[in-house]
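Peer 1: Residue numbering for the sequence shown is 228 to 552, as defined by my numbering.
I'd like to ask you about the structure that follows.
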Amino acid sequence: MIGITATVPVEIIYAAGRRPVDLNNLFITSNRPSKLVSQAENAGFSPNICAWIKGIYSTVLNHGIKQVVAVTGGDCSNTIALAEILARSGVEIIPFEYPLNRDRDALMGQMEKLRKRLATTWTEISRVTLKLDRIRSRLKRLDELTYHENVVTGLENHLFLVRSSDFNGNPDRFEIELDRFLLSVEKRKPKKDGLRFGYLGVPPVFSGFYEFIESVGARVVFNEVQRQFSMPSGQKDMVEKYLEYTYPYDINGRLKDIEQAIRERRLNGLVHYTQTFCYRQLYDIILRENLPIPLLTLEGDRPGRIDSRTALRIETFVEMLGHER
Ligand code: SF4
228 MIGITATVPV EIIYAAGRRP VDLNNLFITS NRPSKLVSQA ENAGFSPNIC AWIKGIYSTV
288 LNHGIKQVVA VTGGDCSNTI ALAEILARSG VEIIPFEYPL NRDRDALMGQ MEKLRKRLAT
348 TWTEISRVTL KLDRIRSRLK RLDELTYHEN VVTGLENHLF LVRSSDFNGN PDRFEIELDR
408 FLLSVEKRKP KKDGLRFGYL GVPPVFSGFY EFIESVGARV VFNEVQRQFS MPSGQKDMVE
468 KYLEYTYPYD INGRLKDIEQ AIRERRLNGL VHYTQTFCYR QLYDIILREN LPIPLLTLEG
528 DRPGRIDSRT ALRIETFVEM LGHER
């Protein structure tokens, strides 16, 4: 089992016969994620460090994970220090960096380093890529069933896409589960067309968000970053695929992707989720200035049910957009 702190070319890890585990998913789906945050704080992590970093730290130690691919470029600067702390606890750290300038050779160099470190071959990587791309094309179908046929909920869409960062550690099982799901939704009646929302930003730390949005008459039909985990560009070339992945680079790629979704998915509003103590909160300024439809900014701190203030703000936003329709 190799932990990954963010999305990386998992093709390489699977080709090496290893099992990648997205530490974010392992943390947030644990029985008591808030306990993991407290555990890290007891170990000395300050309250004003993001909950995901603390959750990842405790998850690695509690699961006895011995090797971690730490994304030290294009994700989160906190990961650099986190990796050093984990290394001192005996965890082997394999750094991976997305080049900020989207340089093809630099990204290729990072992939090659990872390949060598895990002792696999490009032939094996190509074989794995074929399989993963087949699953990704099914995820694309799931996404269409969300915004076009309107038979998949925002939460279901989120759950499948967010797990495509590591295919839940077992692509074969993931594929079977996905195929079963796709078959089961065929018979569903399309949802009535209420307000259509786009969810922007990192996945929410709180639970109950998607269910609450639906309970007040709106629906998420675009999960921006989670969809990116599924490498939706459809590029066959592996380097190009990870160059078109918008999350690690500057905001322009994200803006283009979101603008396209607004048009294609007929979005009425956007919810921008920001994580307390995260530098990515600053992107809210650019998103607000550049996107043509109303945007509600939410902030989440620790794991737990969606709080009443956030729920009220969502409700008010939905009411406001409902009146404007
Ligand atoms: S939410 Fe922000 S601060 Fe937290 S791990 Fe992600 S990028 Fe880093």
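Yeah, the Cβ is synthetic: ideal placement off N, Cα and C, and Gly gets one too.
Remember, predicted model here, so these are calculated numbers, not experimental data.
What is the rounded straight-line gap between the Cα of PHE401 and the Cα of GLY381?
Peer 2: Spanning the two alpha carbons is a distance of roughly 19 Å.
Peer 1: Restricting to Cα atoms, I'd like to know which of HIS290, ARG245, ARG481, MET338 is closest to GLU467.
Peer 2: If we check each option's Cα against that of GLU467, MET338 comes out closest.
Peer 1: In chain order, what are the residue ranges of uninterrupted beta strand (DSSP E) at least 3 long that sit wholly in the stretch 266 to 340?
Peer 2: Listed in chain order, they are 294 to 300, 319 to 324.
Peer 1: Apply the 10 Å Cβ neighbour rule to LEU509 and answer buried if 16 or more other Cβ atoms are within range, or exposed otherwise.
Peer 2: It counts as exposed.
Peer 1: Any chance the CB of ARG507 is under 7 Å from a heavy atom of ligand 1?
Peer 2: Yes; taking the cut-off as 7 Å, the Cβ of ARG507 has a heavy atom of ligand 1 nearer than that.
Peer 1: Considering only C-alpha positions, which residue in the set ARG331, ARG552, GLY531, GLY282 is nearest to LEU313?
Peer 2: The shortest C-alpha separation from LEU313 is found at GLY282.
Peer 1: Using a beta-carbon distance below 8 Å, is PRO322 in contact with chain B?
Peer 2: Of the chains in the structure shown, none is chain B; there is only one protein chain.
Peer 1: With a CB to CB cut of under 6 Å and the five nearest residues on each side skipped, what residues in its chain are close to PRO322?
Peer 2: Only ALA297, THR299 meet the Cβ criterion.
Peer 1: So the beta strand (DSSP E) VAL248 belongs to, where does it begin and stop?
Peer 2: Where VAL248 is concerned, the enclosing beta strand (DSSP E) stretches over 247 to 249.
Peer 1: Going by other Cβ atoms of all chains shown within 10 Å of its Cβ, with 16 needed for buried, is GLU238 buried or exposed?
Peer 2: GLU238 should be labelled buried.
Peer 1: Three-state secondary structure (DSSP) at TYR426?
Peer 2: Three-state DSSP puts TYR426 in a strand.
Peer 1: For the beta strand (DSSP E) containing TYR500, name the first residue and the last one.
Peer 2: Per DSSP, TYR500 belongs to the beta strand (DSSP E) from 496 to 502.
Peer 1: What number of angstroms, rounded off, separates the C-alpha of ARG529 from the C-alpha of ALA270?
Peer 2: Spanning the two alpha carbons is a distance of roughly 17 Å.
Peer 1: Please report the residue range of the beta strand (DSSP E) in which ALA242 lies.
Peer 2: Here ALA242 belongs to no beta strand (DSSP E); instead the alpha helix (DSSP H) covers 237 to 242.
Peer 1: Taking only heavy atoms of ligand 1 into account, decide whether any of them is closer than 7 Å to the Cβ of GLN502.
Peer 2: It does: the Cβ of GLN502 is within 7 Å (strictly closer) of some heavy atom of ligand 1.
Peer 1: For the 8 Å Cβ check, are there 3 or more pairs between the stretch 386 to 397 and the stretch 244 to 261?
Peer 2: Yes, they touch.
Peer 1: Measure the Cβ-Cβ separation of LEU497 and PHE424 and say whether it is below 8 Å.
Peer 2: Against a cut-off of 8 Å, the Cβ pair of PHE424 and LEU497 comes out as a contact.
Peer 1: Look at MET465 and THR356 and say whether their C-beta atoms are less than 8 Å apart.
Peer 2: Yes, Cβ-Cβ distance for MET465 and THR356 is below 8 Å.
Peer 1: For the pair the stretch 302 to 317 and the stretch 533 to 541, tell me if three or more CB-CB distances fall below 8 Å.
Peer 2: At 8 Å Cβ cutoff, the stretches do not touch.
Peer 1: Determine the contact status of LEU388 and GLN453, defining contact as a CB-CB distance below 8 Å.
Peer 2: For LEU388 and GLN453, yes; Cβs fall inside 8 Å.
Peer 1: Regarding VAL389 and ligand 2, is the C-beta to nearest heavy atom distance less than 7 Å?
Peer 2: This structure does not include ligand 2; its bound ligands are ligand 1.
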